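Notes for the one structure printed next.
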Amino acid sequence: MEEYNKLKHMFDKGALSRRDFMSGVAMIGAGMAVAPSLLSGTAQAATPKVGGTFRIGMEGGSATDSLDPRTYSDSVMIAASLCVMNGLVEFDASGKPTGELLESWEAKPGAKEWVFNVRKGVKFSNGKTLNADDILYSIAIHRGETKSPAKGILKQITEIKKVNENQIAVTLEAGNADFPVILGDYHIVVVPDGFTDWQKPIGTGGYTLESFEPGVRLVFKRRGDYWKAGRANFDMVEIRNIQDPAARTAALQSGQVDAINRLDPRTVNLLMKDKKLNVVRTKGTGNRFCFVSRVTEKPFDNKDLRLALKYGIDREKIIQQVYNGFATPGNDHTLDALNPFYNTAMPQRKYDPDKAAFHFKKAGLGDAKIELQASEGAWGSAVDCATLYQESLKKAKINLDVKKVSADGYWDNVWLKVPFCAVYWGRRLSADQTFTQVYGSGSDWNDSNWRVPEFDKLIGEARAELDDKKRKELYFHAQEMIAEDGGMICFAITDYLDGYAKNVMGADPHARYDMNDDRIAEKGWFA
Amino acid sequence: MLKTIAVRIVLGILTLWAVSVLIFAATEVLPGDVASAILGQGATPETLAVFRHELGLDRPAYVRYLEWFFNALHGDLGIAMTNKRVIVEVIAPRFMNTLFLAGYAALIAVPTSVVLGIIAAINEGKFIDRFVNIISLMTISVPEFFIAYVLILYLAVQFEIFPSLSTVFPEMGFVEKIYTTALPAFTLTMLVMAHMLRMTRTSVLSIMSQPYIEMAFLKGLTRSQVIVRHALPNAAAPIISVIALNLAYLIVGVVVIEVVFVYPGVGQFMVDGVTKRDLPVVQACGLIFAGAFVGLNTIADVLAIMVNPRLRHPR
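Going line by line, the protein sequences match chains A and B. In terms of the numbering used here, the first sequence has 428 at position 428, counting the first letter as 1, and numbering is strictly consecutive. In terms of the numbering used here, the second sequence has 1265 at position 265, counting the first letter as 1, and numbering is strictly consecutive.
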């Protein structure tokens, strides 16, 4: 129920995707700095072949699932929706937005007014040709009186209108250079104008729905006239719901499915030895695990203490011992290294007991005990991480008291309330969303209570800045500010681990989600 | 005797009714308002009010209970709040799956364990007695998922004899279904056998110290004749109730097995319903489980009365 509680706080407000949580926890794992070659893809023949039945075993579905996009919260329905429907925006392997049903776009200076071009000549499976009305309707169902989780991120739209059959214009309440990224949110998929029959969705995707038993399986059939060349190559696609990691692994090993998501990091080393299988690892895009201190509370109002706590954590050791090496060290902010605006110039903070001891002494707290509250309710292995943290601080002569608290009600009673506790954060759509929600002064979930006007000004400037080079400078500085002064010790970001049969091609890592951005059914083919 | 049986059946129905009240009350006192739990905190007071009305939550609890109860009597379990599907339509095939697997496992487990129990009783203290005892104790002592994983590892992954995914689909034939669900059926068999086997053995042996058994021996009957003709009918009542308990377990208690073998039964359906707070689904599952449990126990009681020689031939 922990995910549910966190959901209650955040996901409902459009701040957190449960999917991010579920996938991250499924891979209690760790790793090294991200290799740039990671995203270059595997070397394989790039001419897709058509045919075969592709069977995917996935965690992240439930008997309560529905194809109504306002209800998506986890991998199975995201992957399923992308078989039948298309989004507005797709993302390339490095996480940059590229056109999908919105082919291209342009922003007026200030990034407040946008014009989007609707792709021409795309047909729905019922024969209707896509036009601007369909796009407007597909966005409108997430606005106004709705329980859509995408409602929050679309609030910034003040006006959205049709310019002509193939163009729409959007006005925002304030400039946002990341607006196309926002439109790439997985809830926003396109159906014909006025469509409501969610049991039998009509879309522009590469497949049509054959059957759907919630929590059991979805079957799709190839449409054959897909508008994306070389995509949707399987005759049939079958998505099976397999919640148990061991069951998924066994099904893959015995050849009953061709692909599975969320491998167990504790056993993935053994799977890598299997010659029939291909393990695809996307480093450091999963959950961000942190210990968060509230900088407004004593003694954490002392910057030297915060620095001591940051130098005093042995990230590598935690990653090796708790996550079996399948995670990436965090650099004390929650942006991941695959984000285009990740500060590559800032050195990775390392375990340094001497520096920690120095700053602790400078803080002038004597031999005060610091209390850290942790719980399985924060994430499965939070208490293990805290215990290792305690050990590594001991070398710097800092006494950490780990208090294990109840998992029940953790997000209600501990998070945002106690001065120092364990917290995880999920991936956000963009750098701007990350900084605004986690560190912005106006955010209810600014859990370190680090509210700095200079920082707000910085990200406000970056938000409306259309020049990526200038934005990068601003965001680099923002990350330095957080890592240097903030109250968050972000020590690990988990990896995504997918398993495939050797003959599945197109199984590349992706900066956004696992299973090639949940589009493996569309992007893959059999060798 | 007929009167005793009738009383049992009426008691069973009363129990079921009491359980239905309990189920309704339990879902009623779940923390938090259901409407706001579903709509989230972005909901405005108006949408909440509309949604509450839609769910009928603005009416008193007893009215809603009576309505739910009478609809259930007519076979209408309502509509799922999460995906708006008709619950009966979704739950019926799943319940059939659950019954199929339970029946499959029971067909292997019940005869095997009763026969083995009798054999163990006949050969009390000998090697075969100890052997079946140790094996059955071993299978009951390890957690169910462990047996399941061991079977998967050897029979599905290494030797690929049976599939590890036991999901059954409507288009499958009977033989294919039997083959697909072999591993969960074996696992369940191992889980329930020990209990029934040992109960058979113990109750037969406890009868063996009775004077009339001694009489039978003195007549010159062999040990197996005495056990099958004289001891077993008198020992049947406790054996039947243990069998009923285990059958009920096979129906209501196999969520873990369903998860490990990806079997689409009612258990997983209920867990999903609870996680998403889909109350009509939870109530429907609770009612079906309670019905299965109470029904099987009532049948066991009736059978126990019918096979008991003393009740069958009252003086």
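We treat Cβ as the ideally placed atom computed from N, Cα and C, and that holds for glycine. Model, not experiment: these values are computed from the prediction.
CB of residue i within 7 Å of CB of residue j, strictly
i, j, result
"Lys502 of chain A", "Asn278 of chain A", "yes"
"Leu102 of chain A", "Leu88 of chain A", "yes"
"Ile319 of chain A", "Ala80 of chain A", "no"
"Arg248 of chain A", "Gly57 of chain A", "yes"
"Thr494 of chain A", "Ala327 of chain A", "yes"
"Leu365 of chain A", "Ala386 of chain A", "no"
"Ile520 of chain A", "Val1262 of chain B", "no"
"Leu1250 of chain B", "Ala1156 of chain B", "no"
"Ala1292 of chain B", "Val1019 of chain B", "no"
"Ala462 of chain A", "Lys397 of chain A", "no"
"Gly1286 of chain B", "Ile1023 of chain B", "yes"
"Val295 of chain A", "Trp450 of chain A", "yes"
"Ala1300 of chain B", "Ile1240 of chain B", "yes"
"Val190 of chain A", "Asp134 of chain A", "yes"
"Val1204 of chain B", "Ala1236 of chain B", "no"
CA-to-CA distance, residue j to residue i, given in whole angstroms
i, j, result
"Thr1112 of chain B", "Arg266 of chain A", "39 Å"
"Thr1139 of chain B", "Phe435 of chain A", "54 Å"
"Ile1009 of chain B", "Pro1184 of chain B", "32 Å"
"Asn269 of chain A", "Arg262 of chain A", "14 Å"
"Ala1120 of chain B", "Phe289 of chain A", "57 Å"
"Ala259 of chain A", "Glu1160 of chain B", "18 Å"
"Gly1017 of chain B", "Phe1069 of chain B", "It should be noted that the sequence gives Trp, not Gly, for residue 1017 of chain B. Going by the C-alpha atoms only, they are around 9 Å apart."
"Val118 of chain A", "Gln167 of chain A", "6 Å"
"Phe234 of chain A", "Lys275 of chain A", "24 Å"
"Ser293 of chain A", "Asn399 of chain A", "16 Å"
"Leu183 of chain A", "Gly380 of chain A", "32 Å"
"Met85 of chain A", "Leu252 of chain A", "27 Å"
"Asn164 of chain A", "Phe116 of chain A", "11 Å"
"Leu130 of chain A", "Lys123 of chain A", "6 Å"
"Pro1093 of chain B", "Ile1257 of chain B", "18 Å"
"Leu1165 of chain B", "Lys1177 of chain B", "12 Å"
"Tyr1062 of chain B", "Gln1158 of chain B", "56 Å"
"Gly486 of chain A", "Thr334 of chain A", "12 Å"
"Val1090 of chain B", "Ala246 of chain A", "27 Å"
"Ser138 of chain A", "Trp114 of chain A", "18 Å"
"Asn1097 of chain B", "Pro1264 of chain B", "7 Å"
"Asp352 of chain A", "Glu376 of chain A", "28 Å"
"Phe491 of chain A", "Ile313 of chain A", "8 Å"
Collapsed DSSP secondary structure at residue i in the structure displayed
i, result
"Phe1131 of chain B", "helix"
"Val237 of chain A", "strand"
"Ala247 of chain A", "helix"
"Thr204 of chain A", "coil"
"Tyr226 of chain A", "coil"
"Pro528 of chain A", "Chain A is shown from 1 up to 527; residue 528 of chain A falls before or after that span and cannot be answered."
"Met1138 of chain B", "helix"
"Leu1191 of chain B", "helix"
"Ser556 of chain A", "Because chain A here runs from 1 to 527, residue 556 of chain A falls outside it and cannot be looked at."
"Pro407 of chain A", "It is Ala, not Pro, that sits at residue 407 of chain A in the sequence shown. Ala407 of chain A: coil per DSSP, three-state reduction."
"Ala368 of chain A", "coil"
"Ile1305 of chain B", "helix"
"Tyr496 of chain A", "strand"
"Trp415 of chain A", "coil"
"Ala150 of chain A", "coil"
- Within the stretch 1229 to 1286 of chain B, note down every full alpha helix (DSSP H) run reaching 4 residues or more, in order along the chain. Complete alpha helix (DSSP H) runs here, min 4: 1232 to 1252, 1255 to 1260, 1266 to 1275.
- Determine which residues of the stretch 1141 to 1175 of chain B have a Cβ less than 7 Å from any Cβ of chain A, and write them out in chain order. Residues passing the 7 Å Cβ filter: Tyr1149, Ile1152, Ala1156, Val1157, Glu1160, Pro1163, Ser1164, Leu1165, Thr1167.
- Message: Extract the residue ranges of the alpha helix (DSSP H) inside the stretch 102 to 134 of chain A, only unbroken runs of 4 or more that lie entirely within it.
- Response: Whole alpha helix (DSSP H) segments, 4+ residues: zero.
- Please go through the stretch 51 to 85 of chain A and give each complete alpha helix (DSSP H) segment of 4 or more residues, from N-terminal end onward. Correct list: 75 to 84.
- Item | chain A contacts made by the stretch 1079 to 1092 of chain B, where a contact means CB separation under 8 Å | Going along the stretch 1079 to 1092 of chain B in chain order, one finds Ala1080, Thr1082, Asn1083, Lys1084, Arg1085, Val1090 with a Cβ nearer than 8 Å to chain A.
- Task: Output the residue ranges of the beta strand (DSSP E) runs that lie fully inside the stretch 338 to 365 of chain A and measure 3 residues or longer, sorted by chain position.
- Result: None, since the stretch 338 to 365 of chain A contains no complete beta strand (DSSP E) of that length.
- Message: Under 7 Å, CB to CB, which of the residues in the stretch 1276 to 1290 of chain B have a partner in chain A?
- Response: Within the stretch 1276 to 1290 of chain B, the qualifying residues are Lys1276, Asp1278.
- Message: Please list, in chain order, the residues of the stretch 1257 to 1268 of chain B that have any C-beta partner in chain A closer than 9 Å.
- Response: Taking 9 Å as the Cβ-Cβ cut-off against chain A, the residues of the stretch 1257 to 1268 of chain B that qualify are Val1259, Val1260, Phe1261, Val1262, Pro1264, Gln1268.
- Just by C-beta distance, which residues in the stretch 201 to 226 of chain A are closer than 8 Å to chain B? From the stretch 201 to 226 of chain A, only Glu213, Pro214, Gly215, Val216, Arg217 have a Cβ closer than 8 Å to chain B.
- Note down, in chain order, all residues in the stretch 251 to 282 of chain A with a beta-carbon under 9 Å from any beta-carbon belonging to chain B. The stretch 251 to 282 of chain A vs chain B, Cβ under 9 Å: Ala251, Gln253, Ser254, Gly255, Gln256, Val257.
- Query: Using Cβ-Cβ distances below 7 Å, what residues of the stretch 1055 to 1069 of chain B are close to chain A?
  - Reply: Listed by position along the chain: nothing, the set is empty.
- Query: the stretch 59 to 77 of chain A: which residues have C-beta closer than 8 Å to a C-beta of chain B, in chain order?
  - Reply: Residues passing the 8 Å Cβ filter: Ser62, Ala63, Thr64, Asp65, Ser66, Asp68, Thr71.
- Whole beta strand (DSSP E) runs in the stretch 264 to 310 of chain A with 3 or more residues, listed along the chain? Runs of the beta strand (DSSP E) inside the stretch 264 to 310 of chain A: 277 to 282, 288 to 293.
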